[in-house]
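In what follows, a single structure is set out as structure tokens and then discussed.
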């Protein structure tokens with residue numbers, strides 16, 4: 001049932017035929033479905049460990065040796081668990097009931113106006129306007145009852161598992177408090193050595209038992225809690241954006257297309273239509289300064305090289321991403337006039353919509369621009385959280401080894417152990433540095449992916465305008481008056497779109513060159529790290545490498561798809577003119593068609609520098625080259641592991657071989673510690689690496 005609900009919601013969000021009003025409901029329902037599904041699956045997987053905790057709790061309550069004071073403490077924690085569970089249940093039930101009633105009453109008023117069998121657009125408990133569009137009121141009532149059942153199951157799945165978690169956790173807290181009371185009482189009394197050992201033995205055993213029970217709860221619910229935190233973070237961030245879309249502007253089309261990109265880039269001063277005052281300049285300077293500090297710190301980490309290879313690879317990744325993010329925000333600031341021209345033109349396009357067909361085309365392209373923004377938002381926040389968690393785990397392992405040298409310095413949000421190792425960092429200052437590093441890590445992700453969203457969003461808008469222009473050429477009416485003026489207007493519109501596209505290509509030329517270089521380099525390096533993690537079964541390193549690879553591949557994929565789509569739209573303008581009734585046009589008009597054909601022979605393309613066209617062909621070439629390098633590296637690793645397992649350890653290093661000397665070579669005497677005891681030094685030849 002949860003899977004069917006999730007499929008229903010995903011189909012509804014994919015169709016996206018309704019207003020922005022349903023977007024927030026869809027996001028909240030996706031979060032609820034995923035949490036309810038995890039609440040069902042993970043307790044089922046760890047059922048044996050949960051059963052151990054339940055049996056232990058039953059034994060605690062049914063113990064005949066329980067004192068009155070112990071029962072009072074346990075009842076206090078039990079009441080706290082019940083209060084949390086009841087509050088959760090009452091809040092969920094009240095919200096669900098109010099939502100069900102409000103939806104039903106709104107549709108009942110609509111049904112009172114129309115007949116029973118009249119086809120209308122209804123509001124649903126679970127957003128399904130696109131999926132069940134046009135059903136009658138009698139069919140709607142059946143669907144309404146089914147969706148009420150689905151919503152109730154989601155509510156029960158969420159509240160039941162959460163209530164059980166709170167209850168069993170509060171019970172363990174009560175048992176730990178009782179154990180602490182027993183330890184305190186044993187310290188106050190004076191026993192001889194033998195009797196003291198008999199008193200502390202059961203208490204220590206009970207402590208070990210409670211630790212085991214706590215680990216059972218941790219194993220059963222840690223993944224569930226992690227997923228819940230990640231999903232809630234994304235939903236809260238997305239809900240803020242969707243709420244602002246719903247209340248911000250009276251023009252729904254402009255709000256739908258622009259608001260998400262605006263609120264993603266305003267914090268770093270990269271929104272093209274912002275008011276360019278001192279405050280906007282200050283935001284841009286702070287973002288650039290923070291990214292510069294991150295880049296310098298990572299360079300120093302690589303220069304000092306006092307940590308492991310994994311930490312150095314993290315520093316190299318952040319160093320490259322910092323350079324890329326800094327390049328984008330500085331370059332977009334330098335070419336801000338080009339972006340302002342394009343976004344101002346886009347605002348005018350939305351204001352001058354005169355037909356429903358144009359509105360549908362522009363809204364579809366705006367939808368894909370919003371999808372790119374959401375992908376950028378997910379990559380920014382999820383990768384930041386997972387990178388910090390993975391680096392903190394690695395740093396904690398290094399701290400256990402070098403605790404006397406580094407102290408707190410090994411647990412930063414980004415690699416900075418070597419750089420800050422020479423300073424005395426107190427606990428308070430460490431927390432401040434950690435928070436600042438996390439903030440600048442998020443700013444780096446937003447500067448990188450947010451700049452991509454700003455650019456790709458306006459490129460998709462230009463593609464939508466080219467699509468509208470093609471439709472205008474194909475459907476050009478030759479029977480109406482003023483043929484020359486109307487056709488000349490289309491030619492001028494084509495020229496305007498070419499100039500806007502040329503401005504965009506000028507902005508992104510240098511940025512794409514840096515993007516392709518850094519992405520190609522890191523795909524190979526991180527891919528090699530992923531191969532090593534596969535051979536060593538290092539699942540933590542495997543997951544982090546996969547996330548970094550996914551982020552760079554998604555960036556390349558988005559640029560390649562949008563660049564290929566733009567090139568295709570520019571080339572198809574000539575075909576649309578050819579499919580029109582050009583042969584019936586006046587001779588004065590047909591002369592201008594030649595210029596359109598000439599322009600489409602040299603379409604504007606997204607290029608890295610002046611020589612690499614960013615399209616699907618380039619993307620496939622990068623992938624094939626990277627996979628070829630990774631295949632060679634994988635074969636080398638496998639061959640090296642096979643040789644290391646076959647050659648005995650007493651034979652010394654692999655580069656040391658016994659073979660006859662040639663007349664043109666001069667033997668070098670290796671270190672005596674590397675020689676076999678039954679071999680003479682003259683029998684060795686050192687082969688160059």
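Residue numbers (full-length UniProt numbering): 1 to 689.
Every residue gets a Cβ at the ideal spot worked out from N, C-alpha and C, and that includes glycine.
In this text the structure is predicted, and so the values were computed from the model without any measurement.
Am I right that residue i and residue j are in contact with their C-beta atoms under 8 Å? What's the rounded C-beta distance?
i	j	result
residue 269	residue 287	6 Å
residue 459	residue 497	Wrong, their Cβ atoms sit about 12 Å apart, outside the cutoff.
residue 366	residue 257	4 Å
residue 447	residue 544	Between residue 544 and residue 447 the Cβ distance is about 21 Å, and since that is not below 8 Å, they are no contact.
residue 600	residue 570	6 Å
residue 608	residue 516	5 Å
residue 415	residue 298	7 Å
residue 163	residue 85	3 Å
residue 491	residue 592	6 Å
residue 38	residue 222	Residue 38 to residue 222, Cβ: 12 Å. No contact.
residue 452	residue 558	7 Å
residue 353	residue 347	About 12 Å separates the two Cβ atoms, so there is no contact after all.
residue 324	residue 514	6 Å
residue 524	residue 621	About 14 Å separates the two Cβ atoms, so there is no contact after all.
Once DSSP output is grouped into helix, strand and coil, what is the label at residue i?
i	result
residue 607	strand
residue 614	coil
residue 158	helix
residue 579	coil
residue 269	coil
residue 662	Confidence in residue 662 is poor, its pLDDT being 44 and thus under 50, which makes the residue's placement too unreliable to answer from.
residue 253	helix
residue 587	helix
residue 136	coil
residue 538	coil
residue 274	coil
residue 559	helix
residue 46	coil
residue 289	helix
residue 602	coil
Between the options, which lies nearest to residue i when the distance is taken from Cα to Cα?
i	options	result
residue 419	295, 440, 229	295
residue 435	427, 413, 444, 634	413
residue 578	564, 46, 566, 595	595
residue 520	100, 585, 146, 320	320
residue 281	302, 333, 252, 305	333
residue 467	573, 438, 203, 563	573
residue 495	465, 513, 514	465
residue 54	87, 216, 82	216
residue 610	339, 566, 581, 511	511
residue 208	172, 443, 272	172
residue 597	555, 473, 312	473
residue 342	507, 426, 205	507
residue 94	185, 437, 73, 159	159
residue 200	183, 214, 210	183
residue 377	354, 433, 421, 443	443
residue 204	179, 430, 542	179
residue 214	176, 233, 357, 638	176
residue 454	274, 427, 627	274
residue 375	480, 550, 526	550
residue 311	355, 151, 541, 266	541
residue 493	146, 307, 76, 349	349
Find out if the Cβ-Cβ distance for the pair residue i, residue j is shorter than 7 Å.
i	j	result
residue 379	residue 449	yes
residue 619	residue 560	yes
residue 522	residue 546	no
residue 487	residue 589	yes
residue 220	residue 49	yes
residue 264	residue 161	no
residue 612	residue 605	no
residue 326	residue 272	no
residue 260	residue 370	yes
residue 345	residue 500	yes
residue 562	residue 456	yes
residue 157	residue 36	yes
residue 564	residue 630	no
residue 304	residue 174	no
residue 145	residue 80	no
Is the CB of residue i under 7 Å away from at least one CB in chain D?
i	result
residue 633	Considering every chain present, this structure includes no chain D. It has just one protein chain.
Alpha helix (DSSP H) runs contained entirely in the stretch 305 to 364, provided each spans 4 or more residues = 309 to 334, 336 to 351
List in chain order: all unbroken alpha helix (DSSP H) runs of 4+ residues lying wholly within the stretch 404 to 488.
-> 427 to 445, 451 to 474
Which runs of the alpha helix (DSSP H) spanning at least 4 residues fall entirely within the stretch 53 to 93, listed in chain order?
-> none
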